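*Asks:*
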Amino acid sequence: MAIRVIETSALQDFAPSGPLMMPLVEAGQGRVLLLNLEAGQSVAPCQMSVTVLYYVIAGRGQLHVGDGQSELRDGSLAVVPAGVVRSISARQRMRVLAVQIP
């Protein structure tokens, strides 16, 4: 088995029109995406059939889950169970790894 190293620090593209979602790894039903959001941008509410881990590489924002919200900042790790509606909004430029776990 070969090891694959992805240098996420080199993936610094942002889009003025909305969040940039870059798939990094796909394995079965599991996926890893890099989400790059400019301040004021948000990922629309969605409901996943798998648990999703959100790890904030850099930036600040909010994770909206159901009727609640949690503050996110550099180093935050949030776990959102399958079947729960969620969205992310950036207060400042934000880079987030989203890991979908079947």
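If you're matching positions, the sequence shown starts at 67 in the working numbering and goes up one per residue. Glycine included, each C-beta is placed from N, C-alpha and C at the ideal position. Model, not experiment: these values are computed from the prediction.
Within 10 Å of its beta-carbon, does Pro85 have 16 or more other beta-carbons around it, so buried, or fewer, so exposed?
*Replies:* Buried, by the Cβ-count rule.
*Asks:* Give me the residue from Gly94, Leu90, Pro82 with the minimum Cα distance to Glu104.
*Replies:* For the residues Gly94, Leu90, Pro82, the minimum Cα distance to Glu104 belongs to Pro82.
*Asks:* Terminal residues of the continuous beta strand (DSSP E) containing Arg152?
*Replies:* Arg152 -> beta strand (DSSP E) spans 151 to 156.
*Asks:* Name the DSSP bridge partner or partners of Ile72?
*Replies:* Note: Ile72 sits in no beta bridge, so no partner.
*Asks:* Using 8 Å for Cβ pairs, my map puts Ile154 next to Tyr121. What's the rounded Cβ distance?
*Replies:* At roughly 12 Å, the Cβ-Cβ gap does not stay under 8 Å, so Ile154 and Tyr121 are not in contact.
*Asks:* Can you tell which of Arg70, Pro147, Ala68 has the C-alpha that lies nearest to the C-alpha of Cys112?
*Replies:* Among Arg70, Pro147, Ala68, the Cα nearest to that of Cys112 belongs to Pro147.
*Asks:* Is the beta carbon of Ala156 closer than 7 Å to that of Gln78?
*Replies:* Not a contact, by the Cβ cut-off of 7 Å.
*Asks:* Taking the alpha-carbon positions, what's the Ile167 to Val118 distance?
*Replies:* Roughly 6 Å separates the two Cα atoms.
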